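For reference, the structure is listed below as structure tokens.
Residue numbers (this note's numbering): 2 to 179.
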């Protein structure tokens, strides 16, 4: 068994990703821990801000031919990464943004309020017009197929960016490994 964060780190390594770019924050820590435990196989490059992360991953994709991967925390952190995604959309560059978010149990859903949890933001709606695929996994059991779809869509045809809005509780939930 492994959790969804560990699964994602393993998935990226198996796809040949050797470098990811990120900026830390409370709601992306489980994924950062998973990357740390695989530090001999995948390098994490910490950037000064989230926009720098998305553009660094974009440049990595351009020079390596692999998918570029970056991570941010929730809310404004996720929004700050949209510049690199917009560039990936316009230039056909494969890019995966992994944005931490509050637990699904704290999300507002369709309540009509602005936000329920700390820095809660609907990054999927914001990114829809500049990505090929954007999703919030809400069931850990479906996470492997969501990640496979995201990767395939980013790399298929005219390449482009994808967003995985990664709720904190889903990052920590155990699933069957590969």
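Ideal Cβ placement from N, Cα and C applies to all residues, glycine included. Predicted model only: the values in this text are computed from it and were never measured.
Name the one or two DSSP bridge partners that residue i has.
{"i": "residue 22", "result": "46, 71"}
{"i": "residue 166", "result": "100"}
{"i": "residue 175", "result": "4"}
Between residue i and residue j, is the Cβ-Cβ spacing less than 8 Å?
{"i": "residue 131", "j": "residue 96", "result": "no"}
{"i": "residue 75", "j": "residue 101", "result": "yes"}
{"i": "residue 32", "j": "residue 72", "result": "yes"}
{"i": "residue 137", "j": "residue 168", "result": "yes"}
{"i": "residue 142", "j": "residue 171", "result": "no"}
{"i": "residue 58", "j": "residue 70", "result": "yes"}
{"i": "residue 162", "j": "residue 133", "result": "yes"}
{"i": "residue 124", "j": "residue 164", "result": "yes"}
What does the Cβ neighbour count give for residue i, buried or exposed, with the cut at 16 atoms within 10 Å?
{"i": "residue 49", "result": "exposed"}
{"i": "residue 93", "result": "exposed"}
{"i": "residue 40", "result": "exposed"}
{"i": "residue 61", "result": "buried"}
{"i": "residue 6", "result": "buried"}
Quick check on residue i: does DSSP put it in helix, strand or coil?
{"i": "residue 112", "result": "The predicted model places residue 112 with a pLDDT of 49, which falls under 50 and marks its position as unreliable, so this point remains unresolved."}
{"i": "residue 30", "result": "helix"}
{"i": "residue 136", "result": "strand"}
{"i": "residue 88", "result": "helix"}
{"i": "residue 131", "result": "helix"}
{"i": "residue 41", "result": "coil"}
{"i": "residue 15", "result": "helix"}
{"i": "residue 122", "result": "coil"}
{"i": "residue 143", "result": "helix"}
{"i": "residue 9", "result": "helix"}
* Could you tell me whether the stretch 72–87 touches the stretch 141–154, using the rule of 3 or more Cβ pairs below 8 Å? => At 8 Å Cβ cutoff, the stretches do not touch.
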